[in-house]
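Residue numbering for the sequence shown follows the numbering used here, beginning at 961 and increasing consecutively.
Glycine is no exception: its CB is placed at the ideal position from the N, C-alpha and C atoms.
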Amino acid sequence: MQFCSNCKQNIFAPRLDMNLSSIHEKLRSDSGPTSVQPDEITSILQNAQRDLDDYDREIHRLESHRMVLIAEKEHTQEIMKQVQCLLVPIRKIPDEILGCIFDECCDMNHFSNCFDVDDVESPIDRGGQLRTKPALVLNSVCSRWRRIALSLPQI
C-alpha cells in the first residue's frame, strides 16, 4: 500500500491490469483448455476481488469524509448567519433610545381579555391581537430588548 506524502492517506492502486487483451484473445480463440492457465485465471480473479474490496473501502472512506465536510460546511454557514446578525443596524442603537422607542410603543398595552378560558385556540396573534400588546412582543425579541423593556417601569 502506498500513502500520500501530504495527507498520509492510502493511495489506491489497482492490482488488476485493466488492459486484458490477452484474456480477450483467449476468449475469442478456438484453443482448448490448454491455452488457459488455471493459476493465471485464479490470480487474476483474486486480484480483481482485492481491487473490488479496495474500491469499496475507498468509496466508504470518501463518503465518510464527504459527510464530515458537509457537516463542517453547514456549521460554517450557521456561524456566518450568526455573525451577520451582529451587523444589523438595530444593534447600533443605544439602550436609552430603544427604551424611549419602547415607551412610545407601549402606550396602548391592553391586557384585559388576553386569554379566553373557553377558547381552545392559541391566544397568540389571532386577528392582530399582539398589536394591542407591544410590551409582550418587545419582551420576546431578544434578551437585550427584554432587559431594556423590563427596566422601564412604565411598561
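- In the structure shown, residue 971 falls within a strand segment according to DSSP collapsed to helix, strand and coil.
- Linking residue 984 to residue 997 through their CA atoms gives a straight-line distance of about 14 Å.
- An exposed status is given to residue 973, since fewer than 16 other beta-carbon atoms sit within 10 Å of its beta-carbon.
- The DSSP assignment places no complete run of the beta strand (DSSP E) inside the region 994-1060 (cut-off: 3 residues).
- Short of 6 Å from the beta carbon of residue 1019, and not among the five residues preceding or following it, lies no beta carbon of its own chain.
- In the DSSP annotation of this structure, the continuous segment of the alpha helix (DSSP H) that includes residue 1097 starts and ends at 1094-1099.
- In the structure shown, residue 1102 adopts coil according to DSSP, grouped into three states.
- Secondary structure note for residue 983: its alpha helix (DSSP H) is the uninterrupted segment 981-988.
- Taken through DSSP and simplified to helix, strand or coil, residue 1108 comes out as helix.
- Put simply, of 1034, 1001, 978, 976 the residue whose alpha carbon is nearest the alpha carbon of residue 986 is 1001.
- Taking the CA atoms as reference points, residue 1110 sits about 23 Å from residue 1048.
- DSSP places residue 977 in the coil class of the three-state scheme, outside both helix and strand.
- Close CB contacts of residue 1004 within its chain, under the 6 Å cut and outside five residues either way in sequence, are absent.
- In this structure the region 1098-1112 lies against the region 1053-1067, because at least three pairs of beta carbons, one per stretch, are closer than 8 Å.
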